[in-house]
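Asker: I am attaching a structure below and will ask some questions about it afterwards.
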């Protein structure tokens, strides 16, 4: 096997490894394990280990939530309401996003009140420490009062509650034009004794989300930033936390000193509590009620008689738009907020690739063409490596006659053959390994670009032209209706039939790979020849179910590679006879070999 074919075989093997890795999915997760609560009591009052305060797990309040009055939420990007029961932000929809690309599709529902399917909400309260009983502080069952009817960016709302024992509480909730709520909690002590209590914020999710993707390349579940360190735990792993005796539930507790945030992240949406300053970060699972809970408990406040204490926190509930969360990070002081997007292991590539794609799209205004322009930029950056590789390949082709003579003279003496080839390479200053240079960087780039296309919100429902109106989804066209020319529909995307009766993009991908092969004659070894003959068409079907944006990148990459290799080889005096190689392929096919 000559070195040029060795390099091609290496590229094929590496590419197969990439494809197989991305087809692997996370192992199926069984139901949460049955764990007995060691306290044998309902987890209503729980003890905070670090601050000796008590908080509440939310459960059994569906009727009270339904009966409580509500304050309407209306902003340029959000609509919904908050409940006066505990001041829960539990009814929220995203105006700018629809469930599907179909006309008339409803907008995305992010938060839902307890008692509804897939209940999901955030709330704030106070936890008792000393000098006050748990029933005398506002918690999940507290019914607040308010004269306000609407929460908008220009009109915050004020909630009030008095415990009748000298402590009065006030909560002012405001919201910006995007997705961030600001929550200012105050307590005034009109009694005669000192009270110690701690403010907290919780995000509760009843059961796992119904549309859980479950791909290993995407994190869905608890996400936490604590003192500059990102921590992620999938929903399925939270019930496996060790039973915390103070929490009386599977829980993980971290003391955060220098700031951070905690909440839940989905594929495109996120809810997080962002306390001001230090706090105790808690992630736990309510076994009895199947509730996933994240909690941020701020330091205990000692309120002397005749004084008022005020603390602030924020609550993010919305879309993980890169520009928006970057603004919260850079201008709002929310540390590491951009890392709430799951950039993956190759974050050092994924982040700049996304930045470049986002920037290009800002100028072009079309994500499909932006992906093609991104491919051009990447290929331009890798051109020095490609040039060395293709020059080396061209020189090796020039050495083919001498290599054939060497094979004849060496016969079966492999050691003599190897030594002669090394001398030949050294004499002509040819590096046989140079052909691998453009291949190796392509692997992490492919992983990173796939991550960008699959994970980032900006690719969701991104249009290109014609039928390609969601580049994060597989090609919607099909051979079955001649790619839309015949008057019947294509098979459902993601079905086995759709993977077999592929669309136009996977077909173009196979053709582009096949044409790239034809820059060189087919290997003389029958096994190699068979592998190279079938490789483009295997890849064509393998990539058929991938995001169409990734297939666009791959087609563009193959096309540019073909042009680069053809041009560089001709500049070195080697003239690839593409048409002759194609004819030779069909001639062998007709002969059955």
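Residue numbers (the numbering used here): 42 to 634.
Where a beta carbon is used, it is the ideal one built from N, C-alpha and C, also for glycine.
A quick note: this is a predicted structure, and the numbers were derived from the prediction, not measured.
Could you have a look at residue 326 and say whether DSSP puts it in helix, strand or coil?
Answerer: In the structure shown, residue 326 sits in a strand (DSSP, three-state: E or B).
Asker: Have a look at residue 238 and residue 386 and give me their C-alpha separation to the nearest angstrom.
Answerer: Approximately 41 Å, taken between the alpha carbons.
Asker: Determine the DSSP secondary structure at residue 403, reduced to helix, strand or coil.
Answerer: Helix, per DSSP.
Asker: Label residue 155 either buried or exposed according to how many other C-beta atoms from any shown protein chain fall within 10 Å of its C-beta, with 16 as the threshold for buried.
Answerer: Result: buried.
Asker: Measure the alpha-carbon distance for residue 339 versus residue 323 and round it to whole angstroms.
Answerer: Taking the straight line joining both Cα atoms gives about 11 Å.
Asker: Across which residues does DSSP place residue 502 in a beta bridge pair?
Answerer: Looking at the DSSP assignment, residue 502 forms no beta bridge with any residue, so it has no partner.
Asker: Use the C-beta contact count for residue 459: other C-beta atoms within 10 angstroms, 16 or more gives buried, fewer gives exposed.
Answerer: Under this definition residue 459 is an exposed residue.
Asker: Under the rule that 16 or more other beta-carbon atoms within 10 Å means buried, what is residue 73, buried or exposed?
Answerer: With a pLDDT of 35 at residue 73, under the threshold of 50, the predicted position of this residue should be treated as unreliable, though the coordinate-derived value follows. With 16 or more other Cβ atoms within 10 Å, it is buried.
Asker: Would a C-beta distance cut-off of 9 Å place residue 221 and residue 356 closer than the cut-off?
Answerer: In contact: residue 221 and residue 356 (Cβ atoms closer than 9 Å).
Asker: Per DSSP, residue 247 is paired with what?
Answerer: Its beta-bridge partners are 332.
Asker: When you compare only the Cα positions, how much space is there between residue 496 and residue 309?
Answerer: One C-alpha to the other measures close to 7 Å.
Asker: Which runs of the beta strand (DSSP E) fall wholly inside the stretch 309 to 386 and span at least 3 residues, in chain order?
Answerer: Here the runs fully enclosed are 310 to 316, 320 to 327, 332 to 338, 342 to 344 and 349 to 360.
Asker: Applying the 10 Å Cβ sphere with the 16-neighbour rule, what's the burial state of residue 129?
Answerer: Counting Cβ neighbours within 10 Å, residue 129 comes out buried, since at least 16 surround it.
Asker: Distance, Cα to Cα, residue 123 vs residue 112?
Answerer: Rounded to whole angstroms, residue 123 to residue 112 spans 5 Å at the Cα level.
Asker: Is the stretch 215 to 235 touching the stretch 348 to 362 in the sense that three or more CB pairs, one from each, lie closer than 8 Å?
Answerer: Yes, the stretch 348 to 362 touches the stretch 215 to 235.
Asker: Residue 222 bridges to which residues according to DSSP?
Answerer: DSSP, once it has assigned bridges, lists 216 and 356 as partnering residue 222.
Asker: State the Cα-Cα distance for the pair residue 614 and residue 436, rounded to the nearest angstrom.
Answerer: When rounded, the distance between both Cα atoms is 9 Å.
Asker: What separation, rounded to the nearest whole angstrom, lies between the Cα atoms of residue 303 and residue 500?
Answerer: Going by the C-alpha atoms only, they are around 25 Å apart.
Asker: What does a CB cutoff of less than 6 Å around residue 546 pick up in its chain, not counting 5 residues either side in sequence?
Answerer: Around residue 546: 516, 589 and 592.
Asker: The beta strand (DSSP E) with residue 167 in it runs from where to where?
Answerer: Segment 161 to 171, the beta strand (DSSP E) holding residue 167.
Asker: For residue 134, list the residues DSSP reports as bridge partners.
Answerer: Paired residue(s): 120 and 150.
Asker: Using the rule of at least 16 other Cβ atoms within 10 Å of the residue's Cβ for burial, across every protein chain shown, is residue 526 buried or exposed?
Answerer: That one is exposed.
Asker: Among 272, 556 and 533, which has the Cα closest to the Cα of residue 617?
Answerer: Checked all of 272, 556 and 533; the closest Cα to residue 617 is 556.
Asker: In the structure shown, what three-state DSSP assignment does residue 197 receive?
Answerer: In the structure shown, residue 197 sits in coil (DSSP, three-state: anything other than H, G, I, E or B).
Asker: Any C-beta of chain C sitting closer than 9 Å to the C-beta of residue 183?
Answerer: Chain labels in this structure do not include chain C; a single protein chain is all it has.
Asker: When the Cα atoms are used, what is the spatial distance from residue 258 to residue 408?
Answerer: Going from the Cα of residue 258 to the Cα of residue 408 covers about 22 Å.
Asker: Around the C-beta of residue 463, are 16 or more other C-beta atoms found within 10 angstroms, so that it is buried, or is it exposed?
Answerer: It counts as exposed.
Asker: Taking the alpha-carbon positions, what's the residue 297 to residue 121 distance?
Answerer: The straight-line gap from Cα to Cα measures roughly 32 Å.
Asker: Looking at the structure shown, is residue 528 part of a helix, part of a strand, or coil, going by DSSP?
Answerer: Three-state DSSP puts residue 528 in coil, outside helix and strand.
Asker: Taking the beta strand (DSSP E) that residue 272 belongs to, which residues open and close that run?
Answerer: Element bounds for residue 272: 270 to 275.
Asker: Could you give the distance in angstroms between the alpha-carbon of residue 242 and the alpha-carbon of residue 164?
Answerer: Cα to Cα, the separation comes out at about 6 Å.
Asker: Would you call residue 423 buried or exposed, if buried means 16 or more other Cβ atoms sit within 10 Å of its Cβ?
Answerer: Burial call: buried.
Asker: Taking buried to mean at least 16 other C-beta atoms within 10 Å of its own C-beta, is residue 372 buried or exposed?
Answerer: Counting Cβ neighbours within 10 Å, residue 372 comes out exposed, since fewer than 16 surround it.
Asker: For the structure I just gave you, are there three or more beta carbon pairs, one from the stretch 225 to 236 and one from the stretch 333 to 349, closer than 8 Å?
Answerer: Counting Cβ pairs under 8 Å, three or more are found: they touch.
Asker: Could you compute how far the alpha carbon of residue 281 sits from the alpha carbon of residue 414?
Answerer: Those two C-alpha atoms are separated by around 46 Å.
Asker: Which residue marks the beginning of the beta strand (DSSP E) containing residue 600, and which one marks its end?
Answerer: Unbroken run through residue 600 is the alpha helix (DSSP H), 589 to 612; no beta strand (DSSP E).
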